[in-house]
Amino acid sequence: MPLLKKIINDPNACASELLEGLVEAYDGEARLVGRGSIVMNNLKPGKVALLVGGGSGHEPIYHGLVGQNLADGAACGDIFAAPPPDIVLEATQAVDQGNGVLYLYGNYAGDVLNFDMGAEIAADMGITVKTVLIYDDVPSAPPERKSERRGIAGLVPIVKLAGAAAAQVTTLDELERITIKARDNTRSVGVSSAPGSIPATGKPTFELADDVIGLGMGIHGEKGVALIPHQTADDLAPKLLDIIFADDLVFNPGDEVVLLINSLGSTTMMELLIVLRKVKAILNERGIKVHDTLVGPYVTCQEMAGMSISLTKLDAELKALWDLPCSSICFSKM
Amino acid sequence: MPLLKKIINDPNACASELLEGLVEAYDGEARLVGRGSIVMNNLKPGKVALLVGGGSGHEPIYHGLVGQNLADGAACGDIFAAPPPDIVLEATQAVDQGNGVLYLYGNYAGDVLNFDMGAEIAADMGITVKTVLIYDDVPSAPPERKSERRGIAGLVPIVKLAGAAAAQVTTLDELERITIKARDNTRSVGVSSAPGSIPATGKPTFELADDVIGLGMGIHGEKGVALIPHQTADDLAPKLLDIIFADDLVFNPGDEVVLLINSLGSTTMMELLIVLRKVKAILNERGIKVHDTLVGPYVTCQEMAGMSISLTKLDAELKALWDLPCSSICFSKM
Amino acid sequence: MVLLVADAIIAAEPYLSEADRNLGDGDHGLGMQRGMLSVKEKLAALDAAAPLDKVLSTAGMAMMSSMGGASGVIFGSFYMGGAKAVAGKETLDANGYADFLKAACDTIMARGKAKPGDKTMIDALHPAAATADTVRFLSLPEAAEAVAIAGETGRDESTAMLATLGRAKTLGEASIGFPDAGACSVAIILRTISDFINQ
Amino acid sequence: MVLLVADAIIAAEPYLSEADRNLGDGDHGLGMQRGMLSVKEKLAALDAAAPLDKVLSTAGMAMMSSMGGASGVIFGSFYMGGAKAVAGKETLDANGYADFLKAACDTIMARGKAKPGDKTMIDALHPAAATADTVRFLSLPEAAEAVAIAGETGRDESTAMLATLGRAKTLGEASIGFPDAGACSVAIILRTISDFINQ
Ligand SMILES: Nc1ncnc2c1ncn2[C@@H]1O[C@H](COP(=O)(O)OP(=O)(O)O)[C@@H](O)[C@H]1O
Ligand SMILES: Nc1ncnc2c1ncn2[C@@H]1O[C@H](COP(=O)(O)OP(=O)(O)O)[C@@H](O)[C@H]1O
Ligand SMILES: [Mg+2]
Ligand SMILES: [Mg+2]
Ligand SMILES: [Mg+2]
Ligand SMILES: [Mg+2]
Chain A
0 MPLLKKIIND PNACASELLE GLVEAYDGEA RLVGRGSIVM NNLKPGKVAL LVGGGSGHEP
60 IYHGLVGQNL ADGAACGDIF AAPPPDIVLE ATQAVDQGNG VLYLYGNYAG DVLNFDMGAE
120 IAADMGITVK TVLIYDDVPS APPERKSERR GIAGLVPIVK LAGAAAAQVT TLDELERITI
180 KARDNTRSVG VSSAPGSIPA TGKPTFELAD DVIGLGMGIH GEKGVALIPH QTADDLAPKL
240 LDIIFADDLV FNPGDEVVLL INSLGSTTMM ELLIVLRKVK AILNERGIKV HDTLVGPYVT
300 CQEMAGMSIS LTKLDAELKA LWDLPCSSIC FSKM
Chain E
0 MPLLKKIIND PNACASELLE GLVEAYDGEA RLVGRGSIVM NNLKPGKVAL LVGGGSGHEP
60 IYHGLVGQNL ADGAACGDIF AAPPPDIVLE ATQAVDQGNG VLYLYGNYAG DVLNFDMGAE
120 IAADMGITVK TVLIYDDVPS APPERKSERR GIAGLVPIVK LAGAAAAQVT TLDELERITI
180 KARDNTRSVG VSSAPGSIPA TGKPTFELAD DVIGLGMGIH GEKGVALIPH QTADDLAPKL
240 LDIIFADDLV FNPGDEVVLL INSLGSTTMM ELLIVLRKVK AILNERGIKV HDTLVGPYVT
300 CQEMAGMSIS LTKLDAELKA LWDLPCSSIC FSKM
Chain Z
0 MVLLVADAII AAEPYLSEAD RNLGDGDHGL GMQRGMLSVK EKLAALDAAA PLDKVLSTAG
60 MAMMSSMGGA SGVIFGSFYM GGAKAVAGKE TLDANGYADF LKAACDTIMA RGKAKPGDKT
120 MIDALHPAAA TADTVRFLSL PEAAEAVAIA GETGRDESTA MLATLGRAKT LGEASIGFPD
180 AGACSVAIIL RTISDFINQ
Chain W
0 MVLLVADAII AAEPYLSEAD RNLGDGDHGL GMQRGMLSVK EKLAALDAAA PLDKVLSTAG
60 MAMMSSMGGA SGVIFGSFYM GGAKAVAGKE TLDANGYADF LKAACDTIMA RGKAKPGDKT
120 MIDALHPAAA TADTVRFLSL PEAAEAVAIA GETGRDESTA MLATLGRAKT LGEASIGFPD
180 AGACSVAIIL RTISDFINQ
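Chains as they are written, first to last, in numbering that gives the first Met the number 0: chain A, 0 to 333; chain E, 0 to 333; chain Z, 0 to 198; chain W, 0 to 198.
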């Protein structure tokens, strides 16, 4: 690792300072709430609320997905650490418009423990909370233990669809139903070629030999499920797609999907586009129609190098929700 | 430099392959033209056309700024190399709708030489071409030799405004007038802390000592105008803004601006937001109102580390153009 | 005593983060450090005469609301859960220490759903609590030392375990060969307590 | 001969890129390599009996349309501009070589607006063309060698110059101390021509 000359202040204050900066990026559309939450201003009274969240250091998600027709708020933890229960509670109270709150976040022990505690206290206060966990990372567990999978870049299309639904539904149950469908229709797989670093220590989150890349590595830099030789984009893309196609979600010719090619940080847009070129060729062969393509660093782990491919299968309902314009720091749509 | 495990194919084919991938990212909205151009499909007949372009390797610009209410096409060169005249010509012919074409690109010797030759041949073919050069990089030349400055991240707001204008004006002169105003109202300054690499050789574009950062470094990794000690975001932000405020464009209390905090590649969104936090505080003190904030890796140089701050001063006309929705791979607005 | 534990954990930050780097995301030490710094702050604000359970629950709350991550809830519950068991007690004896550890362990297992063998901090805490239960008849110093040793043994035994919970879960076989980071923290906590009592 | 020049430039890619790295963006060698590979391809397609000016203009066009960057136009103009001056000629003598270089230099200066002293390839090409003009009376081998030396001297003298054009411009004082990358290419081209003629 070369010495990283990060442009920061107190290495232990990164999470709180970046959140203050993020709120500024909303130019008055959103505000800072409590110790670690960002919440949209003037939410419609009675609106069914969508709350996302998780550890910081993965910008622009999760907190960058707060926006119009997206999430109403985000509960943010320290770098790579789930937000504590009281931050979750502060965010919950701020987004709640009397019609219930859906928690939508990645499936990690820390997040589940903290959001669940927040939900319990919120319930005691009379706020109805439901939870949908995101677990799109196919290699992280076999299909029969799907619910043990991690949440990775697939969260972007899932939150986009849930946010569009939250802007239109009248009940929390309806939002939960649609969000579960979006989640169950999304699959991701990724590789990583170089570690990110923990701002507070500058230490890399893992080590990797020079000639291998990690298959199915977590966005926190958790070790992957397998090390494979470093290879060309044209060799790698089919391998990754095969992992998705081998899973329990069937993609038939004629199916329409949203495709996301995500960079974990320092992998360049150039590389993502070269991978996309091959991915599109394979999808075309299979007769799978891409309704919309997202490509860029949406879900990162500091300057970690690596990329992932996510597919979200659309039915008529999801497609209509996808086409709803939205606006946020992480993802906007005309 | 650690060994870079880029996910590519033939290192000498990166430019052409990424362009093919980019066209795929448009899901049918744009097409590949000739040897190296991307052009929007079904342009309105009679539309005044906007053509951007430059060397590749800086994704998502320039070619990622082709889109609805943005650029109509882009002429793309090899990595860091301006497109040759015949590619410029192919793009010109494809975007021209009979009402003239405005060339808008960064002020670099190579780009000027090639676009000018393309323009000459286009003129011989009866296509009216005008050119507006982008030179927003304040430290790269003193105010009295402004037109010798380089074009850097400020190109994003300038192209956005020009694209909005191109969608509405009826004459090339009108588009030229508005584009010049957008250009003249935009100032940028940046720093760089680590080099990017040239895909074909893997060689870093420059070297930098461990304790310094380069002030006013070009987005191609050209040496900066000065080396300054590596410092905190809160120390750096005011220094950078002072350079902009010391220039010939006056920012008065009450002025409205578009603010762009750009990453050159591997500088994280976290860092950009921490810088934004300080920048906004300073602008607030000065009574400068930020109408819209952009933050992220818009103009990159592979995995180069560094960031820049750009300010575009808005008058009523530019503000209305800014608020027009737009859609592209690089920048979308609801 | 709680303050000594805090200092010991803070001093062990690099070691604990390194342990988490092998199996998780490398931030366990940082989270624990964040929590323990908050514990010191909150206890400093607490009046000296505060009863034992108040001290412990204050410490637990401080960790729970400052750390985040899995260990925020888990280690926060350690003190908060344990505190209930020593309510009303002025001082700790072997009996009270056993009650404290059992309550702490039960609370954490209820919250985190981890069982012994899942390769979590439970694999250090559970055997320690069990040992404490069997040595209630001993003097506190003797009991505390026995408990500390049981925690260290549990930490060491977690090395050979296959992770089935938390971040390390997805490692499968690859999770074998490293001790669990949270178990390392438990061992440090129990060791510090024993050394204090025995000094 | 043009093919030998192509091979010499291709072989010098790392050296030329390095030179550009000092002052520019480090891709000069890559651009020249791209251009010269295209030259070889296009000339292979050309029939062997093609007249000299056709060979040169084909080479120039190949560079212009394959390289991009500043040097694509500049070095493309070198052959294309020079070609006009030798139209109709079967073979080259010292006179023709001088005419070729003068036309090439004039074309490039007209296009690029660079003057001697701006620290560009002109600083190698211009003195070389001037020398060629003064040695028209010599034999081609003698003239070619004199020109090659003038080009190399010009390249060396560019080292001390302050860049006022192109990418290096913004370096100001920092541009002093390195030879200009394009001037290095010119020196190689003229040296290769002389060595071929003199062998
Ligand atoms: N469900 C659980 N029950 C008990 N302990 C747990 C559980 N999940 C995680 N842990 C403990 O937390 C430790 C990780 O803590 P930490 O790294 O701070 O949180 P995170 O995993 O969110 O980064 C693990 O080593 C493990 O001992
Ligand atoms: N206006 C000009 N006139 C003559 N030569 C020029 C001019 N601009 C640049 N050059 C030459 O081009 C060289 C740089 O070429 P190259 O690196 O291939 O292009 P780029 O600068 O676009 O990367 C410089 O070293 C210089 O000799
Ligand atoms: Mg963590
Ligand atoms: Mg170049
Ligand atoms: Mg951890
Ligand atoms: Mg160059």
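C-beta atoms are modelled at their ideal positions from N, C-alpha and C, and glycine is treated no differently. Small disclaimer: the values here were computed from a predicted structure and weren't measured.
Asked: Tell me where the beta strand (DSSP E) around Tyr104 of chain A begins and ends.; Found: 100-105
Asked: Less than 9 Å between the C-beta atoms of Asp85 of chain A and Arg34 of chain A, yes or no?; Found: yes
Asked: Looking only at its own chain, which residues have a Cβ that is under 6 Å from the Cβ of Met0 of chain A, when we skip the five neighbours before and after it?; Found: Residue confidence for Met0 of chain A is low, a pLDDT of 38 falling below 50, so the modelled location carries little weight; the figure read from the coordinates is stated next. Pro203.
Asked: Taking the straight line between their C-alpha atoms, what separation do you get for Val72 of chain W and Met79 of chain W?; Found: 10 Å
Asked: State yes or no: is the C-beta of Ala186 of chain W within less than 9 Å of the C-beta of Arg154 of chain W?; Found: yes
Asked: Out of curiosity, what's the CA-to-CA distance linking Gly25 of chain Z and Ser327 of chain E?; Found: 38 Å
Asked: Any idea what DSSP makes of Lys238 of chain A, helix, strand or coil?; Found: helix
Asked: Measure how close the beta-carbons of Leu154 of chain E and Ile177 of chain E come, nearest whole angstrom, since I'm counting them as under 8 Å.; Found: The Cβ separation is near 15 Å, so there is no contact.
Asked: Which residues in chain D sit within 7 Å of Glu58 of chain E, going by Cβ to Cβ distance?; Found: No chain D is present in this structure, whose protein chains are A, E, Z and W.
Asked: Can you look up Met0 of chain A in the DSSP assignment and give me helix, strand or coil?; Found: In this prediction, Met0 of chain A scores a pLDDT of 38, lower than 50, which makes its location untrustworthy; the coordinate-derived value is nonetheless stated afterwards. Residue state, collapsed to three classes: coil.
Asked: In its own chain, which residues sit with a C-beta less than 6 Å from the C-beta of Asp194 of chain W, not counting the 5 before and 5 after it?; Found: none
Asked: Taking the continuous beta strand (DSSP E) assigned at Val4 of chain Z, which residues delimit it?; Found: Counting along the chain, Val4 of chain Z falls outside any beta strand (DSSP E), though it belongs to the alpha helix (DSSP H) covering 1-10.
Asked: I'd like the ranges of any beta strand (DSSP E) spanning at least 3 consecutive residues and lying wholly in the segment 32-66 of chain E.; Found: 36-39, 48-55
Asked: Locate the beta strand (DSSP E) running through Ile308 of chain A, then write down its first and last residues.; Found: 304-313
Asked: Helix, strand or coil for Asn251 of chain E per DSSP?; Found: coil
Asked: Whole angstroms is fine: what's the gap from Asp254 of chain A's alpha carbon to Leu49 of chain E's?; Found: 36 Å
Asked: Give the DSSP bridge partners of Pro228 of chain A, in chain order.; Found: A:Val211
Asked: Mind checking the segment 3-14 of chain E against chain A and listing, in chain order, the residues whose C-beta falls within less than 7 Å of any C-beta there?; Found: Lys4, Lys5, Ile6, Ile7, Asn8, Cys13
Asked: Gly404 of chain E by DSSP, collapsed to three states: which one?; Found: Residue coverage of chain E in this structure runs from 0 to 333, which leaves residue 404 of chain E outside it and unanswerable.
Asked: Does any residue of chain E bring its CB to less than 9 Å from the CB of Met160 of chain W?; Found: no
Asked: Of the residues E:Asn68, E:Asp9, E:Gly63, E:Ile6, which one's Cα is nearest the Cα of Ala335 of chain E?; Found: No answer is possible for residue 335 of chain E: the residues shown for chain E start at 0 and end at 333.
Asked: Closer than 5 Å is what we want: which residues have a beta carbon that near any heavy atom of ligand 3? List them in chain order.; Found: A:Phe79, A:Ala80, Z:Asp24, Z:Asp26, Z:Gly68
Asked: I'd like to confirm something about Leu36 of chain Z: is its beta-carbon nearer than 8 Å to some heavy atom of ligand 1, or not?; Found: no
Asked: At a CB distance below 7 Å, what residues from the segment 34-68 of chain Z approach chain A? Give them in sequence order.; Found: Met63, Ser64, Ser65, Met66, Gly67, Gly68
Asked: For Lys53 of chain Z, name the three-state secondary structure that DSSP assigns.; Found: helix
Asked: Alpha carbon to alpha carbon, how far is Leu88 of chain E from Ile133 of chain E? Give it in angstroms, no decimals.; Found: 20 Å
Asked: Distance cutoff 9 Å, beta carbons only. Does Gly76 of chain E sit that close to anything in chain W?; Found: yes
Asked: Secondary structure at Lys277 of chain A, three-state DSSP: helix, strand or coil?; Found: helix
Asked: Between Met0 of chain A and chain Z, is the shortest Cβ-Cβ distance under 9 Å, so that the two count as touching?; Found: In this prediction, Met0 of chain A has a pLDDT of 38, which is less than 50 and means its spatial position is unreliable; what the coordinates show is noted afterwards. Not closer than 9 Å to any Cβ of chain Z, the Cβ of Met0 of chain A fails to qualify, so no.
Asked: Just to check, is the beta-carbon of Gly95 of chain Z closer than 8 Å to a non-hydrogen atom of ligand 5?; Found: no
Asked: Within the continuous beta strand (DSSP E) that includes Ser331 of chain E, where are the two ends?; Found: It is not in any beta strand (DSSP E) - Ser331 of chain E carries neither H nor E in the DSSP assignment.
Asked: Does the segment 79-96 of chain W come close enough to the segment 127-144 of chain E that 3 or more CB-CB pairs lie under 8 Å?; Found: no
Asked: Does the beta carbon of Leu112 of chain E sit closer than 9 Å to a beta carbon anywhere in chain W?; Found: yes
Asked: Flag Ser184 of chain Z as yes if its beta-carbon sits less than 9 Å from any beta-carbon of chain A, otherwise no.; Found: no
Asked: Any chance the CB of Ala14 of chain A is under 8 Å from a heavy atom of ligand 5?; Found: no
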